[in-house]
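So the first sequence is numbered by our numbering: it starts at 97 and just counts up by one. Even for Gly, the Cβ is constructed at its ideal location relative to N, Cα and C. Owing to the predicted nature of the structure, the values given are computational and were not obtained by experimental measurement. All remarks here apply to the structure that follows.
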Amino acid sequence: MPDKFLKPYDPSATESRIYAEWEGSGLFNPDECVKQGVTRADATPYSIVLPPPNVTGRLHMGHALMLAIEDIFIRFKRMRGFRTLWIPGTDHAAIATQSVVEKQIKKEENKSRHDIGREELLRRIEAFAAGSHDTIVNQLKTMGASLDWSREAFTLDETRSRAVRKVFKDMYDAGLIYRGHRIVNWDPKGQTTISDDELIYQEEKTTFYYLTYGPFTIGTARPETKFGDKYVVMHPDDPRYRQFTHGQTFEAEWINGPITATVIKDESIDMGFGTGVMTITPWHSHEDFDIAERHELDKEQIIDWYGKLLPIAGEFAGMKIAEARPLIIEKLRAKHLVAKEEPYTHNIATAERTGGIVEPQIKLQWFVDVNRKIEGRGKTLKEIMIEPVRFGDIRILPEYLEKTYFHWIQNLRDWCISRQIWYGHRIPVWYRGEEIVVGDAPASDGWIQDEDTLDTWFSSGLWTFSTLGWPEETSDFLTYHPTDLLETGYDILFFWIARMILLTGFTLGTIPFKTVYLHGLVRDAQGRKISKSLGNNLDPLDIAAKFGADAARMALVVGNTPGTDMRISEDKVKGYKHFANKLWNIARFILEQANASGRVIDTKTWSSGPERDQLPAREHELLDQSDALIKEVTTDIEEFRVYLAAEKLYHYTWHELADKILEESKPIFAGADETAKASRAALLLTLLTRTVKMLHPFMPFVTEEIWQSLPTKDAPYLMVAEWPA
RNA sequence: GGGCGCUUAGCUCAGUUGGUAGAGCAACCCGUUUACACCGGGUAGGUCAGAGGUUCGAGUCCUCUAGCGCCCACCA
């Protein structure tokens, strides 16, 4: 009986020691498992890539949940004899990281990125990212994640950069990446373009104005964009405007004097909205841009890159939108051009990272064309995204999110992949006069590289295969791709999952993963979202220090179905700390009995087979019960019901093994029948061995610590012991 | 405006293919008997949001209603 069992279980003293032992054994690496003979060389591979955390700071409980679930599958499969690989890594998270560092510099030195320059800014971001990286790695290890650190990757390192350049070039050559003047979401605060998915819509109460425009009345919530308007658009079938013909011009008194306007008839106009007629501002509206393209109309910029009015606004030039709007209305009123005003509520787009009010602008940008038929493939990128999910090659859990996925793809527009920030993969395009080189840098001098960087999701979209060494045909790539499981929060289904399916489908003609497991958001005890301003964040490191990583993992996993948000509180974690201690004491009691002096324990007779039929009825029954649990738990995990498996194990361990089986055994051990005692001790030892094995994926530390003291131990670490059957 | 989800014991949530309602926490009573007070034994508590339907049988499937929440969207 080792002395350690004389005290209550102390996770803080145990967990870091055990992790170091595991790491030292090298057994997180599947090659090492084969070399050490714990995994067969011809075993079926099983792989997961860790969704790379952003190097913007530290992990939160959502990450802890992700780690717990993934580690459960990884440890389960490893114990089941698979050649199991879990690859760690981090994401440079372009805009997010740069904006964190920029804010810091602004606060501490009152300087902008332009004050310190591209090179110096990048140096500072890299230093910051390195610090975050180290914190994150420490957190990952604290949670017990059995990641193969020898394969760690970073979205911005050289291997991953090579993959990015290659995919960019392949897509460019296929005509799927193009550069063009299009309406983009411009963030005047962050001074960059952002994608549709980086927008947050916020409700705004404002005024809707009806303005007199020549013979028409037009409606608008944005009078400040109207300076350059010289087209009125109406539906060709609108009877109210039958007397006007397409192309007809007329004179009108407008904000800064008389103008000549042209009538345009276009079917996109909704006759039922407002007056059924509108003027257009093609430079600052998606819809207006499309109309202007269809009819080859002039486009003029009204608002500059900092959100201020340009000289076309006359006396209002140089003003910010917010200050100009009331002045413009005042002037229009004075000219009797305001026909009517009414209160109006609509959603305005803001930038997720900076909070800036997004202004649609026409800009020369790089795009991925999602609607173009790919030569030789006969399908579009949209179809490449839809098919594997529709045909069941990729399974999304919970299933209902498949519908959301399809719905999103239907509404998908071309993906703007260029960003006007400095941290990230520089667009791999070089110019020299009229010449252009795409892909790897040209060998000769005199070329100028594109100033922009790529959307961060472009590189993370390659993650399942770039981490495996692609574009080289490495044995890792050939062995472990497609990966088996991708587990992440449902909030990045579109950002990331969809893009991985797109980029993998195009590049490799295959799928990136077979199953997508989407967990819900982790909220605080009151159900509120975790946010800095509320200060309701629980740091996984603090929680692990206080209650143990095992307890944190169980608290996050039990009863937590995919796709459903959950609440976490210290009290909940505390409950599972008690459970870890319970298990510890169960082990102590059983080992005491098994190690009692002179007692000979032979657990072999407890395995299945003819000996089992000789057992007393009660022993037989308890083994049957344990067998049944093994079956259920195994099936539950295989069917991704880890939330159920965890609950069943908890219940069995505490309320069957401890409360019933141990209690009914006490009189036996108090009796005089040595044969019965030895027999019962062997039974308990068998049940304990099976239980710690099954609990190991969920609570790796305490189970490993117990395992190291078990006489039934048949592998150097529980981590690589055989799953019970 | 379009799509999706939720509503089960005081609280937080399970309930896998339809077969007489479950867990944890909280509450109440009892208990320190050879692991564990980070404990044990016991008690109480639900017309499964509401209405209708399919079925021998529905928390589970279908329709509608109400409340809550999330996602998407260029209505000028």
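### Message
What does the Cβ neighbour count give for Asp384, buried or exposed, with the cut at 16 atoms within 10 Å?
### Response
Buried, because 16 or more other Cβ atoms sit within 10 Å of the Cβ of Asp384.
### Query
Helix, strand or coil: how does DSSP classify Val653 here?
helix
### Query
Apart from the five residues just before and just after Leu711, which ones in its own chain have a Cβ nearer than 6 Å to its Cβ?
none
### Query
According to DSSP, is Leu599 helix, strand or coil?
helix
### Query
How about Gln397 and Leu405: do their beta carbons lie closer than 8 Å?
No; because the gap between Cβ atoms is not below 8 Å, this pair is not in contact.
### Task
Look up Val808 in the DSSP assignment and say whether it is helix, strand or coil.
Here residue 808 turns out to be Thr, not Val, going by the sequence shown. Coil at Thr808, not helix or strand.
### Query
Of the residues Arg278, Gly213, Gly410, Ser257, which one's Cα is nearest the Cα of Phe554?
Ser257
### Which listed residue (Pro311, Glu363, Ile314) has its alpha carbon closest to that of Asp333
Glu363
### Task
Run through the segment 299 to 358 for me and flag every whole beta strand (DSSP E) of 3 or more residues, listed as ranges in chain order.
As summarised for the segment 299 to 358, the continuous beta strand (DSSP E) elements at least 3 residues long and confined to that stretch are 312 to 316, 327 to 330, 345 to 350, given in chain order.
### Query
Nearest CA to the CA of Ser665: which residue from Ala651, Lys678, Glu215?
If we check each option's Cα against that of Ser665, Ala651 comes out closest.
### Query
Do Ile360 and His382 come within 8 Å of each other at the CB atom, strictly closer than that value?
no
### Query
For the candidate residues Ser208, Asp253, Thr441, Gly353, whose alpha-carbon lies nearest to that of Glu411?
Gly353
### Task
Look up Val525 in the DSSP assignment and give the residues it is bridged to.
Val534
### Query
What residues match up with Pro456 in a beta bridge as DSSP calls it?
Asn281
### Query
In the structure shown, what three-state DSSP assignment does Thr135 receive?
coil
### Query
Grouping DSSP H, G and I as helix and E and B as strand, with all else coil, what is Ile626?
coil
### Query
CB-CB under 7 Å to Pro284, same chain, minus the five flanking residues each way: which ones, in chain order?
Trp401, Tyr402, Gly403, Gly452, Glu455
### Message
Assuming His803 is part of the alpha helix (DSSP H), what are its boundary residues?
### Response
The residue you asked about is not His; residue 803 is Trp in the sequence shown. Element bounds for Trp803: 796 to 803.
### Query
Since Gly644 and Pro107 are thought to touch, with beta carbons under 8 Å apart, how far apart are those beta carbons, to the nearest angstrom?
Taking a contact as a CB-CB distance under 8 Å, the pair Gly644 and Pro107 counts as one, their CB atoms being some 3 Å apart.
### Query
Nearest-angstrom Cα distance between Lys756 and His747?
12 Å
### Message
Let me check understanding here. Comparing Cα to Cα, which of Glu419, Thr193, Leu161 lies closest to Gly520?
### Response
Thr193
### Message
Considering only the alpha carbon of each residue, which of Ser805, Gln721, Gly585, Val534 lies closest to Asp269?
### Response
Comparing Cα positions, the closest option is Val534.
### Sheet register partners of Trp462 (DSSP bridge)
Arg275
### Collapsed DSSP secondary structure at Ala270 in the structure displayed
coil
### Query
Nearest to Ala109 by CA position, among Pro763, Arg318, Asp646, is which residue?
Asp646
### Message
By alpha-carbon positions, which one of Ala676, Gly271, Phe797 ends up nearest to Gly472?
### Response
Gly271
### Query
Going straight from the alpha carbon of Gln506 to that of Leu497, what length do you get?
14 Å
### Query
For the segment 733 to 802, which segments carrying the alpha helix (DSSP H) assignment without a break, of at least 4 residues, lie completely within its bounds, in sequence order?
738 to 747, 759 to 766, 770 to 791
### Task
Give me the Cα-Cα distance between Ile144 and Asn656, rounded to the nearest whole angstrom.
20 Å
### Task
Kindly indicate the opening and closing residues of the alpha helix (DSSP H) around Val373.
Taken as a continuous stretch (DSSP letters only), Val373 belongs to no alpha helix (DSSP H), being part of the beta strand (DSSP E) at 373 to 375.
#### Entry: Whole-angstrom C-beta distance between Thr606 and Pro578, which should lie under 8 Å
6 Å
#### Entry: Inter-residue CB distance, Glu291 and Cys512 (contact presumed, cutoff 8 Å)
The sequence given here places Ser at residue 291; Glu does not occur at that position. Contact holds; Cβ gap of about 6 Å.
### Query
Helix, strand or coil: which one does DSSP assign to Tyr105?
coil
### Query
Less than 8 Å separating the beta-carbons of Met790 and Val729?
yes
### Task
Tell me Leu581's beta-bridge partners as DSSP assigns them.
Ile144, Thr611
#### Entry: Extent of the continuous beta strand (DSSP E) run through Arg174
Here Arg174 belongs to no beta strand (DSSP E); instead the alpha helix (DSSP H) covers 157 to 175.
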